[in-house]
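Here the structure is laid out as structure tokens; the discussion comes afterwards.
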Amino acid sequence: MRPNKLKLLPALIGLACAAGLTSAHADERESLEALRQTTLSLIQTLVDSGVLTKEKAEALLAQAKERAATATAAAQPAAAASSVRVPYVPQVVRDQIRNEIKEEVLAQAREERWGVPNAKADWTEHIKIDGDLRLRHQLDQFGNGNPTGTDFIVGAFTPRGTSTFATRAPDFATFNSAGVANANTTEDRSRTRLRLRLGVTGKVTDGVTAGVRLATGSATDRVSTNQTLGQDFNKYTLYVDRAYVKLDPVPWFSFSGGRIPNPWFSTDLVWSENLNFEGVAATAKWPGMTDPSFAPFLTVGAFPVREDTGSRRGRWLRGAQLGLQWQPDPAARLKFGLARYSYAGIEGQVDDDYDTSTLTPGATYGRYEYGSGLRQKGNTVFATNNPADPSATVYWGLASKFEPLALTVAGEFSWFNPVMVMFSADFVTNTAFDRNEIFRRTGLQLEDGSKTGTLLRVAFGASEVRAKGDWQASLTWRRLGSDAVLDGFTDSDFGLGGTNNKGYVLGFTYGLDKDLNLALRYLSSRTIDSPRVLPGTDDTFKVNSLQVDLNVRF
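The sequence shown runs 3 to 556 under our numbering.
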């Protein structure tokens with residue numbers, strides 16, 4: 003074993019000497035110095051144990067130093083001639099570079115959410131997609147004593163002394179090409195209906211939002227998004243229900259323009275829940291108010307109802323509402339709103355754009371019509387045709403002007419939590435309704451009709467049925483006079499839509515699962531004044547409706 007050990011000694015000694023003579027990096031120098039000390043200790047151990055003499059050991063060390071010096075000198079010219087010198091980078095600098103690269107990679111990973119479960123792309127954080135689907139079965143039961151379609155035709159075209167023709171249900175006074183009445187006022191109707199609404203809201207910046215919503219329905223029915231099933235399996239059409247931009251430059255002010263959601267604090271006594279407004283609206287809160295329990299607000303808006311085309315005068319709706327949100331204690335929240343609305347160019351008058359000598363209508367003839375694409379039923383309308391016009395086409399126009407004043411109140415109380423108690427009330431009066439003014443403008447001597455409306459509603463249960471097991475029960479009583487509001491924009495369900503009706507609504511909704519509920523409503527209504535504008539005649543129109551809805555939100 004001794005000869006083998008001696009053969010290893012020159013190599014070990016050479017490494018130790020090279021470690022002392024050769025220039026190396028800081029981390030390598032530490033390793034070589036450790037190897038050198040280990041080798042010297044090994045030689046000393048061999049000397050101490052008698053394996054190697056002291057003289058022999060010193061000779062080996064001298065020989066190793068000489069060989070190391072020769073190898074180092076021989077390597078330097080070659081390195082200078084053929085290699086690229088790489089500057090030495092200290093360990094502390096290398097650590098700093100490594101940490102900087104690591105931080106950059108981690109920052110990018112956090113921004114792009116690498117490896118995060120259910121991670122979404124950044125753009126999805128600014129886009130919100132929501133929608134709802136409602137499947138409804140509806141049964142409409144008509145009163146046994148309802149006037150027939152023929153009765154409505156006779157009533158509409160009965161001369162009233164020197165007055166013109168008039169009615170409150172022009173779409174019931176219709177007939178086919180054979181002259182047979184085609185309105186159904188007596189036969190019960192059962193149908194299944196579907197409503198789909200799909201909306202996208204995009205956050206452009208912190209103060210700018212854009213929204214678009216598509217919905218089923220009809221292009222000429224602004225207060226209903228229902229699609230009746232049973233169309234020979236034909237496809238449905240989706241319409242642009244909303245398309246708007248909303249600006250919130252400061253916390254206390256917002257502006258919306260386009261086809262916007264209802265900006266008013268209201269109930270469906272005045273505005274249908276399905277109605278969206280075309281125009282602009284702005285809402286301002288009291289600047290600097292830091293107490294959320296007392297928050298006054300002001301909303302103003304202007305909306306073109308019909309474009310002014312020269313042959314058709316423009317129609318406008320303008321409004322302003324002053325309101326207050328008040329929370330007297332943590333268990334009670336109240337909201338008040340007083341609104342004044344004004345319609346311009348909506349009322350009718352006898353059309354004078356008619357050449358009586360040639361019996362020829364002018365280019366603007368019929369411009370005062372309150373058309374079938376806008377109206378429902380209930381408002382008092384009269385024939386705006388020129389008395390000399392022999393045509394069978396009737397242009398029905400609104401008898402009254404419309405400037406409704408509406409007071410709306412709502413409250414929510416959690417005294418019996420988790421059962422909430424909620425109420426809402428709406429009172430409206432048409433300040434422009436004037437029988438004398440109607441007679442001067444139209445020639446119609448109106449003996450009945452009403453300019454006021456009232457809604458009272460109370461509900462118990464969850465404020466919103468969203469979770470499984472949530473429920474809400476409600477009772478509503480309402481009375482809406484014939485000319486209190488424009489019938490084209492009010493609720494389309496009660497009394498099959500429009501004004502000149504009164505009655506009650508019973509409702510119950512139960513949550514079957516998250517965002518899935520079953521709702522039942524029973525609506526019972528009857529007319530207030532004669533729907534044929536024949537005071538003293540028993541021609542009350544009655545209809546009761548049962549609606550069973552399966553609602554899904556997503």
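Backbone N, C-alpha and C fix where the C-beta goes; we use that ideal spot for every residue, glycine too.
Quick one: measure Cβ to Cβ for residue i and residue j, integer angstroms, because I've assumed they're closer than 8 angstroms.
i	j	result
Leu137	Leu196	6 angstroms
Leu141	Ser220	21 angstroms between Cβ atoms; not a contact.
Leu407	Val430	7 angstroms
Thr410	Phe305	Thr410 to Phe305, Cβ: 19 angstroms. No contact.
Ser452	Asp540	Not a contact, Cβ separation roughly 18 angstroms.
Leu522	Val550	6 angstroms
Gly259	Tyr246	6 angstroms
Lys205	His128	4 angstroms
Gly380	Ser484	5 angstroms
Please report the distance separating the alpha-carbon of residue i from that of residue j.
i	j	result
Phe279	Arg224	10 angstroms
Asn546	Tyr397	31 angstroms
Lys104	Gln93	16 angstroms
Ala180	Gly151	14 angstroms
Tyr506	Ala111	60 angstroms
Thr269	Asp190	29 angstroms
Pro389	Phe543	30 angstroms
Leu23	Lys67	The predicted model places Leu23 with a pLDDT of 44, which falls under 50 and marks its position as unreliable; any figure quoted below should be read in that light. About 8 angstroms.
Tyr370	Arg442	16 angstroms
Thr126	Leu200	17 angstroms
Pro251	Phe257	9 angstroms
Phe425	Glu106	57 angstroms
Asp472	Ala461	13 angstroms
Asn276	Tyr345	20 angstroms
Leu552	Leu135	8 angstroms
Val99	Thr40	Before going further, note that residue 99 is Ile rather than Val in the sequence given. Roughly 34 angstroms between the two C-alpha positions.
Asp234	Leu108	59 angstroms
Thr194	Thr386	38 angstroms
Leu42	Gln65	14 angstroms
Thr203	Asp495	29 angstroms
Leu514	Ser476	18 angstroms
Pro392	Asp489	29 angstroms
Ala61	Gln46	13 angstroms
Asn186	Ala334	47 angstroms
Ala444	Gln143	Note that residue 444 is Thr in the sequence shown here, rather than Ala. Approximately 36 angstroms, taken between the alpha carbons.
Lys7	Leu63	Residue confidence is low: Lys7 scores 45 on pLDDT, short of 50, so the model does not pin down where it sits. No coordinate-derived value is stated.
Can you find the residues in the same chain that come closer than 7 angstroms, C-beta to C-beta, to residue i, ignoring five residues on each side of it along the sequence?
i	result
Ile440	Ala401, Ser402, Leu446 and Leu448
Gly347	Arg315, Gly316, Arg317 and Trp318
Arg308	Arg314, Gly316 and Arg317
Thr222	Gly375
Gly455	Leu271, Val430, Arg481, Leu482, Gly483, Ala486 and Val487
Asn184	Gly151, Thr176, Phe177 and Asn178
Arg437	Leu448
Would residue i be called buried (16 or more neighbouring beta carbons within 10 Å of its own) or exposed?
i	result
Ile155	buried
Leu482	buried
Lys470	exposed
Gly157	buried
Glu349	buried
Gly213	buried
Ala1	Here the chain has residues from 3 to 556 only, and residue 1 is not among them.
Ala82	Bear in mind that the predicted position of Ala82 carries a pLDDT of just 49, short of 50, making it unreliable; the figure below should be weighed with that in mind. It counts as exposed.
Leu361	exposed
Asp310	exposed
Ser25	Bear in mind that the predicted position of Ser25 carries a pLDDT of just 46, short of 50, making it too unreliable to give a figure here.
Arg170	buried
Asp293	exposed
Spatial neighbours of residue i within its chain, please: C-beta separation below 8 angstroms, excluding the five flanking residues on both sides.
i	result
Asp517	Arg468, Val554, Arg555 and Phe556
Pro537	Glu449, Asp450 and Asp531
Pro161	Phe167
Using a Cβ-Cβ cut-off of 6 angstroms (strictly less than) and excluding sequence neighbours within five positions of residue i, which residues of its own chain qualify?
i	result
Ala365	Ser313
Leu548	Leu141 and Tyr524
Gly368	Tyr397
Ser295	Gln329
Gly339	Phe267, Gln323, Gly325 and Thr410
Pro363	Tyr356
Val49	Lys56 and Ala59
Thr511	Val467, Gln474, Asn519 and Ala521
Arg320	Ala304 and Ser344
Asp132	Gly201
Phe159	Phe167
Within 6 angstroms: the Cβ of residue i and any heavy atom of the ligand NAD?
i	result
Ser526	Absence of the ligand NAD is noted for the structure shown, with no ligands found whatsoever.
Within 8 angstroms, do at least three Cβ pairs link the stretch 227–237 to the stretch 261–274? no
When you compare the stretch 269–286 with the stretch 502–511, are there three or more beta-carbon pairs, one atom per stretch, that lie closer than 8 angstroms? no
Can you confirm whether the stretch 416–430 touches the stretch 347–356 when touching is taken to mean that 3 or more C-beta pairs between the two stretches lie within less than 8 angstroms? no
Specify whether the stretch 370–383 and the stretch 293–305 touch according to this definition: at least 3 beta carbon pairs, one from each stretch, less than 8 angstroms apart. no
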